[in-house]
Every structure is written in structure tokens, then in C-alpha cells.
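Chemist: Dumping the structure here so I can ask a few things about it.
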Amino acid sequence: MLAGRLNVATGAFEIEELPVPDPRAGQVRIAVKAAGVCLSDVHLIEGMLNPAHLAGDSVTLGHEVSGVIDELGPGVTRWQPGQRVLLLAGELDAAGRVLTRGVDYDGGWAEYTLASQSTLVAIPDDLPFEQAAIIPDAVSTPWAAVTATAGTRPAQAVGVWGSGGLGAHAVQLLRMIGAAPIIAVDPLPAARDRALEFGADLALDPDDPDLAERVFAESGGLAVAFDFAGVPAVREQAVGCLAPQGKLVLVGLTDQPLTITGGTRFSYLQQQVLGHYGSLAVHIEELVALIRRRRLDFSRSVSGVLPLASAADAVDRLAHKKGNPIRLILRP
């Protein structure tokens, strides 16, 4: 089979031919139908992110995966061949460590991949594989950030910095739960337009010298500001737009230090900074339930579908924002 493999020691990414894997006890083999290309994959290839628990130097990338169950391993009773599923983006190992698919163990940029039976979620027959694949991470990460980490409530003023793959979905999800107003901030005009299409009430350029004044005029100060960009300047700007007791939720990843100017004011106003990473199985299940009830539609989120052999091209398009994609999908 073909697989997109990264050597984390050398940074080399190649499409390789590998044996089709056999499922072990408690595992199933998935015939992959769609796999998302995420900025985290770009960061892995560029070396900004490094696997914490990878055994060896090479890994098949891809943590956003959907497909059809192809073969059951010994002891699997919950599933049957032919079922349509999506795969959680990670799992806990026996030591309680969080392992990420496509980072700490082989992921779904391949014709076939293995998954523990506990990491599968059944999907409706009418949900396209391309849309199902992006639910783990591209949708579930902002959903968990909005509902669990931030505890966002209806009618709360919120800001979303970065309207890419995660931020655009955050706007859509915030709109669904009734946050208001929703203020999107992005340097790209096309991204600002997309945020408005997805439900933002106002979209601003971060270079606007009057940004903070416009945010306060629109909202009175933000109850929650979400950083999906992972840029230090974004975080500094977002803190300056918070209301008393407002929260800054850090979703975008960066290896740069976090600095808050005016620490006394920050403490006096009882503001908070909250880190966020990923999602849990319950968040995936909630989203699938909402899709079944026609509360959500991700047809606008698939910006392009490429063959697995063109994975390097997909990475380049995402890294350089060619066409301003939300999510690019690889199809084996």
C-alpha cells in the first residue's frame, strides 16, 4: 500500500510503499477513504512540532481520518466489516499518556491504517467521508475549546483570532450556540470574508490601529478571546480586548513564550489565560449527533480533494495558504 511517511530525524517526507498492516487484538483495519491535511502536519514536517512518544524515527502522518472497517482483529466484537467510521485523533496508552494519531503512531495518510476499537465513531450513511474526516481536530478541537475549556454561554461576546481551518469552524460553532457578538480577526481579506459567511458579526484586520476601540464599541469587551493563530502578537492584542473576568483561550500552537503586558491590570480585572489542546471522544460524539439532527453542515469546509500521491503538494498549499484553504483532503 501507499503511505505518506515522515522521518522526524531528517525531516524527509515521502510517499512510500509498505505492507498492508494486520490488526492485532482489539484493533481493526480501516480502508481509508479520506484524510485531512492540518497545519499540525505542516508543523511536524517543518520540525516545529516533535513527537513525544514515537517509537523510532518514522511515522505515517494523518490524524483526521475516515473510512470503512476492512478487517477485525482478535477479540473485536463491537464492530463489523463494512461499517462507515471516523477515527479519534488519539488515545491513551497503558501508562495514561496521550498519544496522537499520525504523530506518536501511524496515522491515516495511507490506503489502510489500524485503529483500536475504542477509537472509532460510527458516522451516518449520508455524511461524506471528506466531511467526516475533518471532524476530529478541525471541528472537535474548536468545539471542545468553545464548550469545555471556555464554557462559552449564549449572548457572550467572543473574539476569534485566526479564521483558518480551526478558527472558521469556531465561528460556525459559536454562532450555533448563540454567542454574540462574534468578532473575527485575521490579516487576510479572504479569511475575514469567510468568517462573515460562517457567522461572524464583525471581521477586523489585526493591523487596524483602532481594533481595540472597535471591539469595545461593538461588545463592551470580550468575555472570551480565542487564539487560533498561535502568534505572540495575537495573544497580546487579544488580552487587550478582554472584559473584566474575560478569558484568553490558547488553541493555536507555538513554541514562543507567552507575555502579558500590564500584569497588575490583568490581575486586577481577574482575567484568565487557559491552554487548550485537542478534544475527547465525547466531543466527537456530540458533533456527530448534531450532524445527524441536521444542526451542522461542513460542506463548505472541504477546500479541495487530492490523491494521496499528491500529499506534498497539499502540504505546500496549506503552508503557503494557496487558495486560502479551510481543509484539504487526501483520498487514497
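Under numbering that gives the first Met the number 0, the first residue of the sequence shown is numbered 0, with each subsequent residue one higher. Where a beta carbon is used, it is the ideal one built from N, C-alpha and C, also for glycine. These numbers were taken from a predicted model, which means no experiment stands behind them.
State yes or no: is the C-beta of L257 within less than 8 Å of the C-beta of G229?
Modeler: Cβ distance not < 8 Å, so L257 and G229 don't count as in contact.
Chemist: Could you say which of E45, A147 and L71 lies nearest to V334 if we only look at CA atoms?
Modeler: This structure does not reach residue 334, given that the chain is present from 0 up to 331, and the question cannot be answered.
Chemist: Short check: CB of V97 to CB of V58, under 8 Å?
Modeler: Against a cut-off of 8 Å, the Cβ pair of V58 and V97 comes out as no contact.
Chemist: Rounding to the nearest angstrom, what Cα-Cα distance links A178 and L165 in this structure?
Modeler: So the alpha carbons of these two residues sit roughly 17 Å apart.
Chemist: Within the chosen definition, does the segment 137-150 reach the segment 45-61 through at least 3 CB pairs nearer than 8 Å?
Modeler: Result no; under three Cβ-Cβ pairs closer than 8 Å.
Chemist: Can you tell me whether DSSP reads Y267 as helix, strand or coil?
Modeler: Helix at Y267.
Chemist: Assuming L286 contacts I176 (C-beta within less than 8 Å), just tell me the rounded distance between them.
Modeler: Not really, about 12 Å apart at Cβ, beyond 8 Å.
Chemist: Compute the distance between the beta-carbons of H282 and S139, then report whether it is under 8 Å.
Modeler: Yes, they are a contact pair.
Chemist: Keeping to the same chain, check which residues put their C-beta closer than 7 Å to that of P50; ignore five residues upstream and five downstream.
Modeler: Excluding residues within five positions, the ones whose Cβ falls inside 7 Å are V7, V58, V102 and D103.
Chemist: Would T9 be called buried (16 or more neighbouring beta carbons within 10 Å of its own) or exposed?
Modeler: So T9 counts as exposed.
Chemist: Does the segment 200-218 come into contact with the segment 122-132, if we say contact requires no fewer than three beta-carbon pairs (one atom in each stretch) closer than 8 Å?
Modeler: No, the segment 200-218 is not in contact with the segment 122-132.
Chemist: For D226 and V184, what's the separation of their Cα atoms in angstroms?
Modeler: So the two alpha carbons sit approximately 10 Å from each other.
Chemist: Under 6 Å Cβ to Cβ from G3, same chain only, skipping five residues before and after it: list those, please.
Modeler: The answer, listed in chain order, is I14, L60, W108 and A310.
Chemist: Pairs of beta-carbons, one from the segment 117-129 and one from the segment 157-172, closer than 8 Å: are there three or more?
Modeler: Cβ pair count under 8 Å is below three, so no.
Chemist: Examine the Cβ distances between the segment 193-205 and the segment 157-164 and report whether three or more of them are shorter than 8 Å.
Modeler: In short, these stretches touch, since the Cβ pair count reaches three.
Chemist: Taking DSSP's pairing of strands, which residues face E16 in a bridge?
Modeler: Paired residue(s): L1.
Chemist: How far does the alpha helix (DSSP H) with L173 in it extend, from its first residue to its last?
Modeler: L173 -> alpha helix (DSSP H) spans G164 to I176.
Chemist: Comparing alpha-carbon positions, which option in V248, F265 and A30 lies nearest S65?
Modeler: The residue with the shortest Cα to Cα distance from S65 is A30.
Chemist: For the beta strand (DSSP E) holding P186, just list the boundary residues, first then last.
Modeler: P186 -> no beta strand (DSSP E), and no H or E assigned at all.
Chemist: Out of H52, L113 and A288, which one is the CA nearest neighbour of V75?
Modeler: V75 has its Cα closest to that of L113, out of H52, L113 and A288.
Chemist: Please confirm whether L317 and V36 have their CB atoms less than 8 Å apart.
Modeler: The answer is yes: Cβ separation under 8 Å.
Chemist: Where do the N-terminal and C-terminal ends of the alpha helix (DSSP H) with V301 fall, by residue?
Modeler: Unbroken run through V301 is the beta strand (DSSP E), V301 to P306; no alpha helix (DSSP H).
Chemist: Just reading off the beta strand (DSSP E) that T59 is part of, what are its end residues?
Modeler: Start and end: S57 to T59.
Chemist: Is the Cβ-Cβ distance between H62 and R100 less than 8 Å?
Modeler: Their beta carbons are under 8 Å apart, which means H62 touches R100 by this criterion.
Chemist: Can you tell me whether I181 is helix, strand or coil according to DSSP?
Modeler: If DSSP states are grouped into helix, strand and coil, I181 belongs with the strands.
Chemist: Tell me, please, which residues DSSP counts as bridged to Q26.
Modeler: BP columns for Q26 point to S115.
Chemist: Would you list, in sequence order, the uninterrupted beta strand (DSSP E) runs of no fewer than 3 residues that lie entirely inside the segment 229-288?
Modeler: Complete beta strand (DSSP E) runs here, min 3: 241-249 and 271-274.
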